[in-house]
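Following: one structure in structure tokens, then a few remarks.
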Amino acid sequence: MTSPPESPIEEVVFELEHTRVPKPINVTIEDLYRETKFSKQEIRIMYRGFKTECPEGVVHEECFKEIYAKFFPHGNSSLYAHHVFRTFDINSTGSVNFRDFLNILSTLLRGTVYDKVKWTFKLYDVNGDGRITRGEMSDLFHSIHELMGRRPHQPEEDRKAKEQLERTFRSFDPHNVGYINFEMWMKGLLTNRTIVNSFHVFHSDP
Numbered sequence: 001m002t003s004p005p006e007s008p009i010e011e012v013v014f015e016l017e018h019t020r021v022p023k024p025i026n027v028t029i030e031d032l033y034r035e036t037k038f039s040k041q042e043i044r045i046m047y048r049g050f051k052t053e054c055p056e057g058v059v060h061e062e063c064f065k066e067i068y069a070k071f072f073p074h075g076n077s078s079l080y081a082h083h084v085f086r087t088f089d090i091n092s093t094g095s096v097n098f099r100d101f102l103n104i105l106s107t108l109l110r111g112t113v114y115d116k117v118k119w120t121f122k123l124y125d126v127n128g129d130g131r132i133t134r135g136e137m138s139d140l141f142h143s144i145h146e147l148m149g150r151r152p153h154q155p156e157e158d159r160k161a162k163e164q165l166e167r168t169f170r171s172f173d174p175h176n177v178g179y180i181n182f183e184m185w186m187k188g189l190l191t192n193r194t195i196v197n198s199f200h201v202f203h204s205d206p
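Going by full-length UniProt numbering, the first residue of the sequence shown is number 1, and it counts up by one from there.
Right, dumping it as structure tokens:
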């Protein structure tokens, strides 16, 4: 006895925003299965959750921040969520469809160390010019401190944060050129076993 065919909802996974193209473009589970490192069943489950949180079929930044805040209730996750959203918003439209969302998750959860290095570079390269400046690193550090619930305007904590920033930036920019390109970033991360090991925290086996 043959198994029943999959329902249309399970087979056609998502549609692109109506505002961007004349007609929505359907993408199948098979397409996403080939593009990512998720199983078809995992894709179905994540799609149902995505549609529950985002009935329109896309997630906007404010909604993304609200979802992020649920995971970090003791800190202010808004600024860090903004930076993470920027890496998900591949086309800079202000919204993320399920395909883009799934591809980034695949990188973070199932990607190689090199894939994750590329993603972290994009996260810190705020203006997307291929260089991380001290100011951009400071922005990310500040957002992480807020995320973890550090209180602002604490002189001793502020001093330690500035020292950490300078120490970290110099480790990537030992020749004091004033910025960090991707090669410098990759070399700095891959020679830091603590950081490399931290990537495995996010790794999820199929």
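Cβ coordinates follow ideal geometry from the N, Cα and C atoms, glycine included. As the structure is a computational prediction, the values presented were derived from the model and not from experiment.
Cα-Cα separation between residue i and residue j, rounded to whole angstroms
i: Asp125; j: Glu30; result: 33 Å
i: Gly94; j: Asn192; result: 34 Å
i: Val96; j: Pro155; result: 39 Å
i: Gly75; j: Phe121; result: 24 Å
i: Cys54; j: Ser106; result: 19 Å
i: Gly57; j: Val117; result: 29 Å
i: Leu79; j: Ser92; result: 17 Å
i: Arg44; j: Val27; result: 13 Å
i: Met46; j: Phe64; result: 15 Å
i: Ala81; j: Gln41; result: 28 Å
i: Asp115; j: Leu108; result: 8 Å
i: Glu61; j: Ser77; result: 12 Å
i: Lys70; j: Phe85; result: 15 Å
i: Pro153; j: Arg159; result: In the sequence as presented, Pro is not what sits at residue 153; that position holds His. When rounded, the distance between both Cα atoms is 10 Å.
Residue i - DSSP class collapsed to helix/strand/coil
i: His126; result: Here the sequence assigns Val to residue 126, which means His is not the residue at that position. Here Val126 sits in coil by DSSP.
i: Ile67; result: helix
i: Thr36; result: coil
i: His145; result: helix
i: Val27; result: strand
i: Val58; result: strand
i: Ser3; result: With a pLDDT of only 41 at Ser3, under the threshold of 50, the placement of this residue in the model should not be trusted; the figure read from the coordinates follows. Coil, per DSSP.
i: Phe14; result: Since pLDDT at Phe14 reaches only 49, below the 50 mark, its modelled position is unreliable, and no value is offered.
Proximity of residue i and residue j at Cβ, strictly below 8 Å
i: Leu32; j: Arg110; result: no
i: Ser143; j: Leu165; result: no
i: Phe182; j: Arg134; result: no
i: Arg131; j: Ile180; result: yes
i: Phe72; j: Phe88; result: no
i: Glu35; j: Asn103; result: yes
i: Glu157; j: Arg150; result: yes
CB-CB length for residue i against residue j, believed under 8 Å
i: Leu147; j: His83; result: About 10 Å separates the two Cβ atoms, so there is no contact after all.
i: Met184; j: Asp173; result: 7 Å
i: His145; j: Ala161; result: 6 Å
Residue i Cβ short of 7 Å to the ligand NAP heavy atom set
i: Thr168; result: As for the ligand NAP, it is missing from this structure, which has no ligand bound.
Enumerated in chain order, which unbroken segments of the beta strand (DSSP E) with a length of 3 residues or greater are wholly contained in the UniProt domain "EF-hand" (76-111)? Runs of the beta strand (DSSP E) inside the UniProt domain "EF-hand" (76-111): 95-97.
Segments assigned alpha helix (DSSP H), at least 4 residues, entirely inside the segment 162-195: With a minimum length of 4 residues, the continuous alpha helix (DSSP H) runs that stay inside the segment 162-195 are 182-190.
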